[in-house]
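In numbering that gives the first Met the number 0, the protein residues as written are 0 to 320.
Ideal placement from N, C-alpha and C gives every residue a C-beta, glycine not left out.
Below is one structure, written out as structure tokens, with a few remarks after it.
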Amino acid sequence: MGVSTATDQKWNLVRYSAEDKERWDRFVRRSKNGTFLLQRDYMDYHADRFQDCSLLIFCNQKLIALFPGNLSGDCFYSHQGLTYGGILLSPSITLQQTENVFRTALNYLQAECNVKSLVYRAIPHIYHRYPAEEDLYILTRLGATLTARSISSVIPLDDRLPFRTLRCRQLKKARACALKVIEDEDFISFWKILEENLHERYSVNPVHSLEEILRLHRNFPRQISLFRICNEAETLGGCVVYETDEVAHVQYIAASSRGKKCGALDLLFHQLIYDRYAQKRYFDFGISTEHGGQVLNEGLLFQKEGFGARAIMYDVYKLKL
0 MGVSTATDQK WNLVRYSAED KERWDRFVRR SKNGTFLLQR DYMDYHADRF QDCSLLIFCN
60 QKLIALFPGN LSGDCFYSHQ GLTYGGILLS PSITLQQTEN VFRTALNYLQ AECNVKSLVY
120 RAIPHIYHRY PAEEDLYILT RLGATLTARS ISSVIPLDDR LPFRTLRCRQ LKKARACALK
180 VIEDEDFISF WKILEENLHE RYSVNPVHSL EEILRLHRNF PRQISLFRIC NEAETLGGCV
240 VYETDEVAHV QYIAASSRGK KCGALDLLFH QLIYDRYAQK RYFDFGISTE HGGQVLNEGL
300 LFQKEGFGAR AIMYDVYKLK L
């Protein structure tokens, strides 16, 4: 589909297919706001659950933006199966060009896919390699509404707040127990604790099954890491970290009852924040809210703030076409 929006610019798009994989992934790596979650080996791990409708957008035959997304009924989601989606932008793109990207994509979705609404999960600014909030301004101009706002707790690692007294006491306790932090691939022992915690507290399963997280780790061994906190051979807890260029993001956290009593997670996060990921820009503990931000898990937030983390937003917008 082609659209002319200026005398010297020709805009067109291509709907993603498997033959575009290499070109798609190469653009994600050089974009100013893409992360490995938007590469196809991550997006497609659950491809059977979603009707993919991702778009590649060109200006004068040059790939300038990607729009990851899926269709559900007459709605286009970017992306329903991911924490965030949104348009991925070339480093040199201007605001006017970004608006043309939006209009080209929306015209196609209306005309060819009978889409009547767009749900847009914006990429939080801490994940941007270069400022990339043109999309938020354009969504506002087009009349989009903010429909969900979730709090995530983040530490800027070049200017950390100190641990609160309670966290320091727990850290001291963990050191007295001679606990050790191990980075390895023993997802099985950690997943058992994670599943028990989630069943007990919320009666839910992890978003990823054990088989899925193992497959994703194989696809992205440098970006997806497991850290366990152990007392000799016993796993007391741990976390899975997703590492992007700017951020170390905690995807899963769990500790056994014994691990909680002896401060296992306090020692783990002290080591991750002050040592393993000290050179990153941000350490992101993830969200502490449910139901689009309407329900706040105050206990979970209190724990994260105790490590010095403070709030950023994971936002979702809806646009009626």
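Taking Cβ positions, are residue i and residue j nearer each other than 8 Å?
i    : j    : result
L156 : R280 : yes
A253 : L193 : yes
V249 : D274 : no
I154 : I272 : yes
I63  : Q95  : no
N113 : D51  : no
I125 : Y83  : no
C229 : I181 : yes
Y313 : S149 : yes
E184 : L225 : yes
G262 : L170 : yes
Y107 : L12  : yes
L391 : L36  : The shown model of the chain, from 0 to 320, leaves out residue 391, and the question about it has no answer.
Y201 : Q222 : no
G307 : L160 : yes
D265 : A173 : yes
On the DSSP letters alone, give me the boundaries of the alpha helix (DSSP H) that residue i sits inside.
i    : result
Y327 : This structure does not reach residue 327, given that the chain is present from 0 up to 320, and the question cannot be answered.
F268 : 263-270
T103 : 94-112
Q302 : 297-305
Y126 : Per DSSP, Y126 belongs to no alpha helix (DSSP H) and is neither H nor E.
D24  : 20-29
S188 : 186-201
H41  : Here the sequence assigns Tyr to residue 41, which means His is not the residue at that position. Per DSSP, Y41 belongs to the alpha helix (DSSP H) from 39-42.
Bridge partners for residue i per DSSP, in chain order?
i    : result
V206 : In DSSP, V206 forms no bridge with anything.
H248 : Y241, D283
C52  : Paired residues: none, contrary to the question.
A64  : I56, L88
G236 : I228, A254
L145 : Y316
L117 : F75, L318
S152 : A310
N69  : D51, Y76
I212 : I212 pairs with nothing; no bridge assigned.
T288 : L295
D183 : L225
Give the range of the beta strand (DSSP E) segment to which residue i is assigned.
i    : result
L225 : 223-230
C176 : Per DSSP, C176 belongs to no beta strand (DSSP E) and is neither H nor E.
K319 : 309-319
Y76  : 74-77
Please determine, among the options, the residue with the shortest C-alpha to C-alpha distance to residue i.
i    : options                : result
A277 : T288, L266, V246, L87  : V246
F26  : G292, E18, Q38, G262   : Q38
S89  : L65, Q95, L215, A232   : L65
D19  : G258, S116, P67, S208  : P67
G292 : G298, V315, G307, E304 : V315
I86  : Y251, E132, F162       : E132
K319 : G258, I92, Y76         : Y76
A177 : K317, G298, L54, L267  : L267
S255 : G298, Q270, K191       : K191
Q79  : N99, S53, T93, E98     : S53
Y44  : N204, D134, S208, A173 : S208
W10  : R257, A147, T288, N99  : N99
Y129 : D244, D7, L295         : D244
The stretch 140-160 contacting the stretch 226-245, beta-carbon criterion three pairs below 8 Å: The stretch 140-160 vs the stretch 226-245: no contact.
Segment contact, 8 Å Cβ cut-off, at least three pairs: the stretch 50-64 with the stretch 97-115: Judged by Cβ distances under 8 Å, the stretch 50-64 makes contact with the stretch 97-115, as three or more pairs qualify.
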